[in-house]
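Residue numbering for the sequence shown follows full-length UniProt numbering, beginning at 1 and increasing consecutively.
For each residue, glycine too, the CB sits at the ideal point set by N, CA and C.
From a predicted model like this one, the values you see are computed outputs, not experimental measurements.
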Amino acid sequence: MNFLKIEDLSIDLGEFKLVDVNLEVKKRDYLTIIGPTGSGKSILLETIAGFYKPEKGRIYLEGEDITNLPPEKRNMSIVYQDYVLFPHKTVFDNIAYGLKKKIKDKEKIREEVTQITEVLKISHLLHRKPTTLSGGEQQRVALARALIVKPKLLLMDEPFSALDIKTKENLRKLVKKAISEYETTVLHVTHDFDDVWSLANKVVVMKNGKILQEGDVNEIFYKPSINFVADFVGTNVLDGEVIGKEDGLTKIKVGNCVLLSVDDGEGKVRLSIRPEDIIISNNPIETSARNEFRCKVEKINRMGNLVYLTLNVDGIMLRCILTPNALYSLNIKEEDIIYALIKATNVRIIAKNVEGECRS
Ligand SMILES: Nc1ncnc2c1ncn2[C@@H]1O[C@H](COP(=O)(O)OP(=O)(O)OP(=O)(O)O)[C@@H](O)[C@H]1O
Ligand SMILES: [Mg+2]
């Protein structure tokens with residue numbers, strides 16, 4: 001039995017609709033929901049929490065139909081980007097707030113607060129008021145408050161997006177530890193793929209109020225089922241044709257290039273190459289890796305703490321990622337000729353018998 005099951009869920013908010021959402025989540029799954037802004041991620045989360053009434057469809061939690069239950073009866077906690085703590089209560093009272101409604105035993109409440117604050121490393125802050133805390137500390141308090149009531153589902157809507165990179169990394173580690181101790185099932189909306197890679201075992205991709213693809217993390221990033229998902233998660237997807245074998249590797253012709261893959265295939269195939277799996281160099285690289293291409297740098301885009309390069313390999317466009325530091329030390333500019341290296345293990349055949357033109 002699925003822990004959370006959503007069947008044909010639709011909502012009409014006038015200008016925006018959630019359309020026939022189906023989702024199955026197992027106990028202790030960590031599901032991340034990704035998709036462009038306005039795709040309905042928050043609305044989906046808030047509908048699961050009970051803040052919107054679906055027009056059609058059902059939501060089951062542990063087999064119980066909760067579609068019409070009010071939010072407070074659903075046994076779920078929600079954590080937002082902005083920490084929404086009670087400003088006049090101490091950290092202790094903020095964390096104990098939900099628990100006090102459930103149990104009266106003061107000693108037991110203190111024990112539970114001690115336990116969760118030790119896991120999240122905020123025991124030293126219990127006497128403070130939230131306004132005196134840093135963003136990362138406030139978010140740990142919000143997490144403690146959400147987890148202490150042992151919710152069946154922890155819903156998080158971009159919980160780390162207001163925090164700096166180091167604090168985010170630290171918080172991810174703490175969340176991992178806390179949800180493992182509390183055996184929590186999590187639905188986490190995010191724009192940050194680092195959240196997906198470091199926390200999730202499952203991913204849902206949304207667009208225009210619909211789920212386009214769901215699967216485990218590798219499936220979404222290495223086997224995007226449609227071009228939109230491939231573009232959104234940044235995977236290079238290429239169509240080609242198998243033209244034979246070489247030393248146990250499959251030879252695939254893509255445009256004017258030949259790529260070698262460890263995967264088996266024949267006929268027309270679709271390939272995926274992750275941008276972070278492309279190694280670049282100013283000069284030809286002496287290595288045993290078999291896919292090496294001379295290419296032109298078409299475009300350099302800096303986004304946040306990463307640099308995206310678009311490489312033109314004999315007419316095929318490949319996207320790759322570098323750190324700003326790597327870009328600086330390689331001294332690469334648009335129009336430069338460089339060399340790209342892709343290991344045969346990183347050229348994955350994601351579909352066979354594919355019809356259509358080479359996608360580049
Ligand atoms: N109460 C509402 N009534 C009508 N439309 C709404 C309501 N709340 C949100 N919307 C619209 O629904 C769409 C989806 O909103 P939602 O907040 O779920 O997007 P999102 O995927 O979470 O985006 P973001 O990544 O920017 O947070 C948006 O176009 C938004 O303007
Ligand atoms: Mg949102």
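* Can you give me the Cβ contacts of D157 inside the same chain, cut-off strictly under 6 Å, excluding the 5 residues immediately before and after it? => For the purposes of this step, residue 157 is taken as the residue at position 157 of the sequence shown. So the qualifying residues of the chain are S42, L45, Y80, V189.
* Asked: Ends of the alpha helix (DSSP H) at A351?
  -> For this step, residue 351 is matched to residue 351 along the sequence shown. In the DSSP annotation of this structure, A351 is not part of any alpha helix (DSSP H); the continuous beta strand (DSSP E) holding it starts and ends at 348 to 352.
* Asked: Assuming F160 contacts K166 under a Cβ cut-off of 8 Å, what Cβ separation, rounded to an integer in Å, is found between them?
  -> Position 160 of the sequence shown, counted from the first residue, corresponds to residue 160. Position 166 of the sequence shown, counted from the first residue, corresponds to residue 166. So it is not a contact: roughly 11 Å between Cβ atoms.
* With a floor of 4 residues, list each alpha helix (DSSP H) that falls wholly inside the segment 227 to 289, ordered by position along the chain. => 227 to 233
* Taking all protein chains shown into account, do 16 or more other C-beta atoms lie within 10 angstroms of the C-beta of P275, making it buried, or fewer, making it exposed? -> On the sequence shown, residue 275 is found 275 positions in, with the first residue counted as 1. P275 should be labelled buried.
* To do: Report the rounded CA-to-CA distance for L163 versus K268, giving the unit in angstroms.
  => Here residue 163 refers to the residue found at position 163 of the sequence shown. Here residue 268 refers to the residue found at position 268 of the sequence shown. Approximately 45 Å between the Cα atoms of the pair.
* To do: State yes or no: is the C-beta of S39 nearer than 6 Å to some heavy atom of ligand 2?
  => For the purposes of this step, residue 39 is identified with residue 39 of the sequence shown, where counting begins at 1. Answer for S39: no, Cβ out of range of ligand 2.
* Looking at C-alpha atoms only, which residue of D264, V297, Y30 is the closest neighbour of I280? -> Within the sequence shown, residue 280 is the residue found at index 280, counting from 1. Comparing Cα positions, the closest option is V297.
* Element boundaries [alpha helix (DSSP H), containing N325] -> Here residue 325 refers to the residue found at position 325 of the sequence shown. The continuous alpha helix (DSSP H) containing N325 extends over residues 324 to 330.
* First through last residue of the beta strand (DSSP E) which encompasses L187 -> Translated into the one-based positions of the sequence shown, residue 187 becomes position 187. From DSSP, the beta strand (DSSP E) with L187 extends over 185 to 189.
* Asked: Below 8 Å, can you find three or more Cβ-Cβ pairs linking the segment 201 to 218 to the segment 304 to 323?
  -> no
* Beta-carbon contacts of V25 that lie in its chain and below 6 Å, excluding the five residues immediately before and after -> For the purposes of this step, residue 25 is identified with residue 25 of the sequence shown, where counting begins at 1. F3, L4, L31.
* **C358 versus I59: straight-line alpha-carbon distance, rounded** => Reading the sequence shown from its first residue, position 358 is the one you call residue 358. Reading the sequence shown from its first residue, position 59 is the one you call residue 59. Summary for C358: the model assigns pLDDT 40, below 50, so the residue's position carries little reliability; its value from the coordinates is reported in the next sentence. Distance between the alpha carbons of C358 and I59: 41 Å.
* Asked: With a Cβ-Cβ cutoff of 7 Å, do L147 and I116 count as a contact?
  -> If you number the sequence shown from 1, residue 147 lands on position 147. If you number the sequence shown from 1, residue 116 lands on position 116. Closer than 7 Å, so yes.
* Starting from Y182, trace the alpha helix (DSSP H) both ways and give me its first and last residue. => One-based indexing of the sequence shown puts residue 182 at position 182. That run of the alpha helix (DSSP H) goes 165 to 182.
* How many Å lie between E181 and D93 at the Cα? -> The count along the sequence shown starts at 1 and reaches residue 181 at position 181. The count along the sequence shown starts at 1 and reaches residue 93 at position 93. Cα to Cα, E181 sits roughly 22 Å from D93.
* Asked: For chain D, is any of its Cβ atoms less than 7 Å away from the one on S123?
  -> In the structure shown, chain D cannot be found, because there is only a single protein chain.
* Rounded Cβ spacing between P70 and G50 (contact assumed at less than 8 Å) -> Numbered from its first residue, the sequence shown carries residue 70 at position 70. Numbered from its first residue, the sequence shown carries residue 50 at position 50. Under the criterion of beta carbons closer than 8 Å, P70 and G50 qualify as touching, at roughly 6 Å.
* Contact belief for M206 with S329 at Cβ below 8 Å, rounded distance in angstroms -> What you label residue 206 is simply residue 206 of the sequence shown in a count that begins at 1. What you label residue 329 is simply residue 329 of the sequence shown in a count that begins at 1. Rounded, the Cβ-Cβ distance is 38 Å, inconsistent with contact.
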